[in-house]
Amino acid sequence: MDESKKTDSEISRGCRRNDPRAWRGLVEKYTPMVYRIAVRMLINDRDAEDVSQEVFLRVHRYISGYDPTRPLAPWLARITYNSCLKRLPRIQQIARNETPLEDYDPVDDRQSSNPAYEVGAADTRRQVSAALDRLSAQDRALLVLRYREGFTDSEIAESTRMPVGSVKSRLHRARGKLRKMLAPLFKEITT
Amino acid sequence: MSQIHPEHIEDYLAGQLQGAAARKLEMTLFQPGMAEPFREAMKMRAILGALPPDTPPSGLTDQILARLPMAAEPDSSQADTKPSSASSSIRGILRGFGWSLRWPGFALNAMSTGSGVVKASGIQSAGYSLGPLRDPVSKRLGKVGGMRRRLLKSTLSKLWSTIT
């Protein structure tokens, strides 16, 4: 059986026994999620890769204390979120000191590294991506957890250690900012 | 619920409203002026769904696994590979001698499965065994009393002088 297809409970129990197959299953199942959160929070591929590695090292260190009956995704998202928050001041410092922000176009970098990028939707994606990048890292994380990972409010609250009420209000504000920045796009879209 | 709060629509679209709460919201969607917030929420989902896929680089999983401190995965190609019978026999003989020299009392016992015996001073004192050897300390010495332990010690020293 494909290890990544196993339930969280089976995977976490295997990892607690330090079973290499269980670890492979965990890493294969959750690396995409961890990377997606990290790359959106940090807006940098290399930092997102570093954080992804850090996250699984932390998981390895603390798995013995983890309750295997609980779902893994919110726990991994929380470790990712915290690792990104720790790294952000350093990244912002480096960016201030070394890279003029006006010369840096993360959307174009990402486009060139992804040959499968659809030309038709490229402009929309670029606009959405650029608007998202202008939000705070926490707001980006909340939107990614909700709209990309499909987390519920309580799962987002567990991942970010925010009260559920704060998650709701922050999400509401973040959507408002995004709607303002992408007003022309909102007008174009017909549902 | 005459007024729909955008949060309720978001919760509904995210599947967080269940049962009666979901049905109540569905009913209000047909009221005049209620379609717009619903449409806005749908647009938000469509727009955020248009984000690039953010696929991790292909080698990242292997890089992560390489950094995790854990035992290597069992390799099925190597699991079927057995050492040659000649080399395993030699290793068995050497192992047997190693135990015998240190624990001749044990060697006497283990020789039931062995195939060679050395006679020294009228007693069977050394041999080798290809059979599984039991741990002499935990299985045997525990039952040997003080007298027998001293006897064992003197037998050992006699054997050692005979060999050397």
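Chains E and W, in that order, are what the protein sequence lines are.
Just so you know, we're using the working numbering here: the first sequence kicks off at 1 and counts up by one.
Just so you know, we're using the working numbering here: the second sequence kicks off at 1 and counts up by one.
For glycine and all other residues, C-beta sits at the position ideal for the given N, C-alpha and C.
How is residue 141 of chain E classed by DSSP in three states: helix, strand or coil? helix
Going along the region 8–35 of chain E in order, which residues come within less than 7 Å of chain W, judged by CB to CB distance? For the region 8–35 of chain E, which is checked against every Cβ of chain W, the residues closer than 7 Å are 18, 20, 21, 23, 24, 27, 28, 31, 32 and 35.
Pairwise C-alpha distance: residue 168 of chain E and residue 70 of chain E: 23 Å
Where residue 183 of chain E sits in the DSSP three-state scheme: helix
Residue 14 of chain W to residue 150 of chain E span [Cα, whole Å]: 7 Å
Select from the region 11–37 of chain W all residues with a C-beta closer than 9 Å to any C-beta belonging to chain E, and list them in chain order. 11, 14, 15 and 16
With 8 Å as the limit, tell me which residues of the region 121–144 of chain E have their beta carbon closer than that to any beta carbon of chain W; keep them in chain order. 121, 124, 125, 128, 129, 132 and 143
Given residue 12 of chain W, which residues of its chain have a CB within under 7 Å of its CB, disregarding the five upstream and five downstream residues? Once the five neighbours on either side are set aside, the close Cβ partners of residue 12 of chain W are 22 and 25.
Ends of the alpha helix (DSSP H) at residue 3 of chain E? Where residue 3 of chain E is concerned, there is no enclosing alpha helix (DSSP H), given that its DSSP letter is neither H nor E.
Please list, in chain order, all residues of the same chain as residue 66 of chain E whose beta carbon is under 7 Å from its beta carbon, the five residues on each side excluded. 12 and 75
Buried/exposed call for residue 52 of chain W, threshold 16 Cβ in 10 Å: buried
Whole angstroms is fine: what's the gap from residue 208 of chain E's alpha carbon to residue 28 of chain E's? The question about residue 208 of chain E has no answer, for chain E in this structure spans 1 to 191.
Evaluate the contact criterion for the region 137–155 of chain E versus the region 62–71 of chain W: three or more CB pairs, one atom per stretch, below 8 Å. no
For residue 136 of chain W and residue 36 of chain E, what's the separation of their Cα atoms in angstroms? The predicted model places residue 136 of chain W with a pLDDT of 46, which falls under 50 and marks its position as unreliable; any figure quoted below should be read in that light. Rounded to the nearest angstrom, the two C-alpha atoms are 58 Å apart.
Quick one: what's got a C-beta closer than 8 Å to residue 78 of chain E's C-beta in the same chain, skipping five residues either side? 158, 159, 160 and 161
Would you mind giving the Cβ-Cβ distance between residue 206 of chain E and residue 41 of chain E, rounded to the nearest angstrom? I have them listed as a contact below 8 Å. Residue 206 of chain E is absent from the structure shown; chain E starts at 1 and stops at 191.
Counting only beta-carbon atoms, is residue 47 of chain W nearer than 9 Å to chain E? yes
Is residue 50 of chain W helix, strand or coil when you go by DSSP? coil
Starting from residue 49 of chain E, trace the alpha helix (DSSP H) both ways and give me its first and last residue. Per DSSP, residue 49 of chain E belongs to the alpha helix (DSSP H) from 45–62.
Please classify residue 37 of chain W: does DSSP put it in a helix, a strand, or coil? The answer is helix: DSSP assigns residue 37 of chain W an H, G or I state.
Identify whether residue 15 of chain W lies in helix, strand or coil by the three-state DSSP scheme. Residue state, collapsed to three classes: coil.
Chain W contacts made by the region 151–177 of chain E, where a contact means CB separation under 7 Å: 152, 153, 168, 172 and 175
For a quick check, are the C-beta atoms of residue 179 of chain E and residue 42 of chain W less than 9 Å apart? no
Span of the alpha helix (DSSP H) holding residue 158 of chain E? 153–160
Does the separation of the CB atoms of residue 124 of chain E and residue 72 of chain E fall below 9 Å? no
Suppose you measure from the CA of residue 54 of chain W to the CA of residue 39 of chain E; what does that come to, to the nearest Å? 7 Å
In whole angstroms, give me the CA-to-CA distance for residue 240 of chain W and residue 158 of chain W. The structure shown has nothing for residue 240 of chain W, since chain W only spans 1 to 164.
Please classify residue 127 of chain E: does DSSP put it in a helix, a strand, or coil? Residue state, collapsed to three classes: helix.
Using a beta-carbon distance below 9 Å, is residue 81 of chain E in contact with chain C? No chain C is present in this structure, whose protein chains are E and W.
Where does residue 189 of chain E fall in DSSP's three states? coil
Going by C-alpha to C-alpha distance, which of E:189, E:87 and E:172 sits closest to residue 51 of chain E? E:87
Residue 62 of chain E: buried (16+ other C-beta within 10 angstroms of its C-beta) or exposed? exposed
Is residue 129 of chain E buried or exposed, if buried means 16 or more other CB atoms sit within 10 Å of its CB? buried
Test: residue 100 of chain E CB closer than 9 Å to a CB of chain W: Low local confidence applies: a pLDDT of 45 at residue 100 of chain E is under 50, so the model's placement there is unreliable, and no value is given.
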